[in-house]
Structure formats: C-alpha cells, structure tokens
Amino acid sequence: MPRDVSHLVMKQLEYVNRRSVDKTEICFDRIMYQMKDGFIELDMDGHTIRYDDDENGGTTVSYDEHLVHKRQHEDGNFVELALKDLKIVLKHASSYFFNNDTEDSNKSFIDLLKSENGLPAKKVTLLRFAFNDLFDILPCFDALEDIELWYISSIDQFQRIASLEQWKKTKRFCIEDHLFDNEQIELFFHFEVFGIDFDKFSVQNAVKVRDDLLRRSTFQSCGINFKESGPVEIAKLFKLDYVGGETFEMEYSNKNGKFEVSIDENLFSVERL
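Written out as structure tokens, the structure reads:
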C-alpha cells in the first residue's frame with residue numbers, strides 16, 4: 135500500500151498526477167483538515183484520509199473508511215503523520231476548510247501553515263479557532279477573496295483584524311455566532327458580499343447602509359441577522375410613504391444602481407439588481 139497522500143491521491147483521483155503536483159498547480163477545489171480528539175481527517179474533494187491514535191500503539195490510517203494500514207510510533211504519532219501528508223497537498227487547493235474541534239494544542243498545525251507561507255487559495259473557512267489564531271493563519275494566504283469564520287472563541291477588540299492585509303483585500307466575508315456592536319458595522323463596508331449578526335440592528339445602522347454602503351460601486355449584497363430591530367422605521371428610510379407591516383421587500387434606487395431591500399423576522403438583506 136502507498137505510504138503517503140501523494141501516492142494515494144494519484145492512485146485514487148485520476149486527474150491528479152505527479153507532474154502537476156510537483157509544479158504546485160491547483161489540483162483540488164477544496165481541502166478539509168479536521169482536528170478532533172484522538173483523530174484527524176484530511177479530505178480532498180470528498181475523498182477522506184483518517185488518522186486515528188491506535189490504542190495498541192502507532193496510528194491507524196483509513197482511506198474513504200477502508201483501512202489502509204497501521205503505522206508504528208517510529209513513523210510519528212497521528213498528528214505528525216496527518217501534518218506531513220497535509221503539507222504535500224497544502225498548496226494545491228483553491229479553498230480550505232480548517233476545523234479545530236479538539237482541546238489539544240494547534241501550534242504544530244499553525245506552524246505548518248506559517249512555514250508554507252504564500253498559500254494560493256481564494257477561500258478559507260476557519261471553524262472553532264481562537265480569535266488570536268487568526269493573526270497567525272490569515273497572513274499565510276496570498277490571494278484570499280473569501281473568508282468564513284465559525285464559532286471563533288475569545289474575540290477581543292474585533293476591529294484589530296482590520297489591520298491585516300488579507301482583511302483589506304478580501305471580497306466576501308461571513309461570520310457565525312458572534313454579535314457585533316452597532317458602531318462596528320462600517321468595518322464590513324469594503325466587502326462586496328458579507329453576512330454578520332447584531333443583537334440590535336438600529337435605524338442609525340440602516341442609515342449608514344443607505345447613505346454609505348449602497349453608494350459604493352463594489353457592493354453586491356449583504357445579510358444582517360438581528361435579535362431586535364425597528365423594521366417599519368427602517369422601511370421608511372428606503373420608501374418614505376411606506377405603510378406596510380414589519381416584514382417587507384422593496385426596490386430602492388440611487389445614482390449607483392438598483393437594489394432589493396428586505397426584512398423578515400430576523401434578517402435585513404440588500405442585493406444589487
């Protein structure tokens with residue numbers, strides 16, 4: 135049986151060959167690297183290699199749920215083996231999904247990313263990382279256009295992220311499970327597309343959307359989730375004679391274009407037409 139990901143991939147995925155890998159060409163639409171307690175999964179376009187900490191010693195390696203072989207301690211533990219294989223394919227994906235679902239240290243993972251500085255991916259999704267980890271991970275990318283953050287912990291002074299070049303240059307941004315303060319909304323106005331959450335989406339913020347965001351030629355769409363809002367007052371900002379209820383969908387125009395503006399129970403959204 136082959137002993138590393140490069141051989142497994144070239145054997146199982148016909149469109150990948152050693153020559154293209156050696157030239158650091160993009161071979162995968164998405165690579166997922168999921169760190170769990172006791173095992174790690176490396177998924178390449180739906181084909182998964184799993185590294186388990188074997189209770190009898192060494193590491194058990196499975197490919198698409200089929201046992202490949204066991205590696206003994208002299209080959210490294212399951213974390214070291216997974217990182218070694220990740221390194222082989224790391225520069226060959228257009229997007230990454232990294233999941234830090236473990237209580238173990240992720241230092242060796244972050245150190246690997248930093249050692250491979252200049253990753254070519256256009257999109258990265260980070261799940262369950264600490265906020266400070268972002269300042270080590272995001273600078274490893276050269277050409278990010280899309281950032282998704284899920285369940286990021288220990289967020290302190292989120293505006294600090296605006297100092298990163300990757301934040302300034304990316305086009306699309308989404309974050310889940312974090313409520314922003316009203317004064318932070320303008321942090322996101324340089325994005326073409328974004329999705330964020332507020333405890334309360336205020337009339338003042340809706341004014342900023344109308345008078346600033348919708349005048350930017352690069353803006354395409356946004357979705358703002360909220361727990362509280364004043365939907366009727368917000369509707370009147372976009373249509374002075376509005377007399378409807380607390381959910382609405384309307385067309386709004388300015389010198390920069392036409393937009394569909396809507397509110398339902400917990401979502402304010404705008405999309406360029």
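Numbering (our numbering), first residue to last: 135 to 407. Beta carbons: idealized from backbone N, C-alpha and C, even for Gly.
query: Looking only at its own chain, which residues have a Cβ that is under 7 Å from the Cβ of L147, when we skip the five neighbours before and after it?
result: Bear in mind that the predicted position of L147 carries a pLDDT of just 42, short of 50, making it too unreliable to give a figure here.
field: L247, enclosing beta strand (DSSP E) - first and last residue
entry: From DSSP, L247 is part of no beta strand (DSSP E) but of the alpha helix (DSSP H) over 241-249.
task: Return the chain-ordered list of same chain residues with a C-beta closer than 6 Å to the C-beta of W301, the five sequence neighbours on each side being excluded.
output: I295
message: Please list the terminal residues of the continuous beta strand (DSSP E) segment that includes E175.
response: For E175, the enclosing beta strand (DSSP E) has its first and last residue at 173-178.
task: Go through its chain and collect everything with a Cβ distance to S396's Cβ below 7 Å, but skip five positions before and after it.
output: F382, E383, S403
task: Determine the contact status of I368 and V337, defining contact as a CB-CB distance below 7 Å.
output: In this structure, I368 places its C-beta atom within 7 Å of the C-beta atom of V337.
message: I'd like to confirm the pairing. Which residues does DSSP put opposite N388 in its beta bridges?
response: Answer by DSSP bridge pairing, in chain order: G391.
query: If you count every other CB in all the chains shown that lies within 10 Å of the CB of D219, and 16 or more means buried, which is it?
result: buried
message: Looking at C274: is its Cβ nearer than 7 Å to the Cβ of K305?
response: Going by C-beta atoms, C274 is not nearer than 7 Å to K305.
query: Would DSSP call E399 helix, strand or coil?
result: coil
- prompt: DSSP three-state call for A255: helix, strand or coil?
  reply: Judged by DSSP in its simplified three-state form, A255 adopts coil rather than helix or strand.
message: Helix, strand or coil for C161? Go by DSSP, reduced to three states.
response: coil
field: Identity of the residue in S363, R262, N388, F332 nearest T236 by Cα
entry: R262
Extent of the continuous alpha helix (DSSP H) run through F269: Looking at the DSSP string, the run of the alpha helix (DSSP H) that includes F269 is 268-271.
field: Cβ separation of Q354 and E326, assumed to be a contact under 8 Å, to the nearest whole Å
entry: 5 Å
- prompt: Among the residues of its own chain, which have a CB less than 6 Å from the CB of P365, if the five just before and after it don't count?
  reply: E380, I397
Boundaries (first-last residue) of the alpha helix (DSSP H) holding L215: 212-223
message: Looking only at its chain, what residues have a beta carbon closer than 8 Å to the beta carbon of S242, apart from the 5 residues adjacent to it on each side?
response: V213, E214, L217
task: On a CA-only basis, which of K225, L348, L374 is nearest R406? Give me that one, please.
output: L348
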